[in-house]
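In our numbering, the protein residues as written are 392 to 656.
As structure tokens, this is what we get:
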């Protein structure tokens with residue numbers, strides 16, 4: 392009996408921690424006094440099933456959520472408290488609902504399985520939240536762009552990279568980074584291997600030259616060339632824009648094949 396109580400306490404501590412941690416991620420708030428905020432609700436969760444409390448269980452659950460909110464999070468107003476409490480309830484129901492669904496499908500299972508299910512739900516929920524946050528950031532910094540060079544017109548989506556502070560050492564203009572897919576639309580006669588190995592000296596690339604960089608592109612320099620015009624959004628148009636060919640694979644991270652310089656937005 393003593394072992395069961397200890398096991399139940401440990402699992403409750405673990406689940407309460409996951410609930411608070413997931414709540415902090417959802418609300419983007421820092422946690423404080425974590426152990427105090429999870430130990431008391433865990434003890435309560437062990438004690439109140441021993442009594443026939445009826446509807447008092449709901450009242451105790453609400454008080455527990457309020458306690459966890461007051462101890463664990465800094466809220467500046469009533470709205471903040473209510474949102475935090477609601478989020479704690481939501482994450483609690485998420486964990487409980489997952490356990491109930493597994494129980495309905497597989498039947499009764501040992502108590503430690505509850506901790507495993509909770510941990511899996513936490514990991515899945517955290518991954519979804521991180522993915523959604525990253526997606527929102529990318530969408531907020533995504534622009535429609537149009538490249539024009541002679542008869543060539545290329546319409547693309549571009550990501551505004553605050554870390555792109557590259558300038559051409561000759562023209563002193565900011566450099567817009569593109570991957571090989573975009574580059575090939577300007578110079579289809581230059582293969583990927585030739586571009587990657589920098590074997591481009593025999594080709595007529597407009598104002599083409601190499602610019603030394605740190606951490607972007609392949610090797611210690613990237614091929615930079617000039618195009619006639621770049622249109623960003625509906626309002627901004629730039630003439631004689633410098634474009635740099637990068638093999639860093641940034642399109643996998645940001646989802647787009649063009650990285651804008653922040654000076655062009």
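For glycine and all other residues, C-beta sits at the position ideal for the given N, C-alpha and C.
In this text the structure is predicted, and so the values were computed from the model without any measurement.
Go ahead and label residue i buried or exposed: buried means 16 or more other beta carbons lie within 10 angstroms of its beta carbon, across all protein chains shown.
i: residue 477; result: exposed
i: residue 556; result: exposed
i: residue 407; result: buried
i: residue 409; result: buried
i: residue 456; result: buried
i: residue 414; result: buried
i: residue 403; result: buried
i: residue 578; result: buried
i: residue 566; result: buried
i: residue 650; result: buried
i: residue 433; result: buried
i: residue 635; result: buried
i: residue 460; result: buried
Along the alpha helix (DSSP H) that carries residue i, what are the first and last residues, could you check?
i: residue 650; result: Looking at the DSSP string, residue 650 is not in any alpha helix (DSSP H); the run it does join, the beta strand (DSSP E), is 649 to 651.
i: residue 597; result: Note, residue 597: premise wrong, no alpha helix (DSSP H); not H, not E.
i: residue 480; result: 469 to 497
i: residue 642; result: 641 to 645
Taking the straight line between their C-alpha atoms, what separation do you get for residue i and residue j?
i: residue 501; j: residue 401; result: 14 Å
i: residue 603; j: residue 558; result: 10 Å
i: residue 481; j: residue 550; result: 34 Å
i: residue 430; j: residue 458; result: 11 Å
i: residue 491; j: residue 471; result: 30 Å
i: residue 657; j: residue 486; result: The first residue shown for the chain is 392 and the last is 656, placing residue 657 beyond what the model contains.
i: residue 589; j: residue 617; result: 17 Å
i: residue 464; j: residue 425; result: 10 Å
i: residue 576; j: residue 584; result: 16 Å
i: residue 475; j: residue 512; result: 19 Å
i: residue 570; j: residue 639; result: 8 Å
i: residue 411; j: residue 423; result: 10 Å
i: residue 530; j: residue 508; result: 33 Å
i: residue 520; j: residue 552; result: 22 Å
i: residue 453; j: residue 469; result: 16 Å
i: residue 540; j: residue 523; result: 36 Å
i: residue 399; j: residue 420; result: 28 Å
i: residue 543; j: residue 631; result: 14 Å
Span of the beta strand (DSSP E) holding residue i?
i: residue 658; result: Residue 658 lies beyond the range of the chain shown here (392 to 656); nothing can be said about it.
i: residue 632; result: 627 to 636
i: residue 620; result: 612 to 623
i: residue 362; result: What the structure shows of the chain is the stretch from 392 to 656, and residue 362 is not part of that stretch, so it cannot be assessed.
i: residue 538; result: 533 to 540
i: residue 549; result: 543 to 551
So residue i and residue j are in contact, right, with Cβ under 8 Å, and what is the actual spacing, rounded?
i: residue 535; j: residue 624; result: 6 Å
i: residue 637; j: residue 568; result: 5 Å
i: residue 654; j: residue 648; result: Their Cβ separation, rounded to whole angstroms, is 20 Å, which puts residue 654 and residue 648 out of contact at 8 Å.
i: residue 656; j: residue 633; result: Contact flag wrong, Cβ pair sits at about 16 Å.
i: residue 621; j: residue 532; result: About 17 Å; that fails the 8 Å criterion.
i: residue 581; j: residue 594; result: 6 Å
i: residue 428; j: residue 462; result: 4 Å
i: residue 528; j: residue 573; result: 22 Å between Cβ atoms; not a contact.
i: residue 405; j: residue 506; result: 5 Å
Can a CB atom of chain C be found closer than 8 Å to the CB of residue i?
i: residue 402; result: The structure shown contains no chain C; it holds only a single protein chain.
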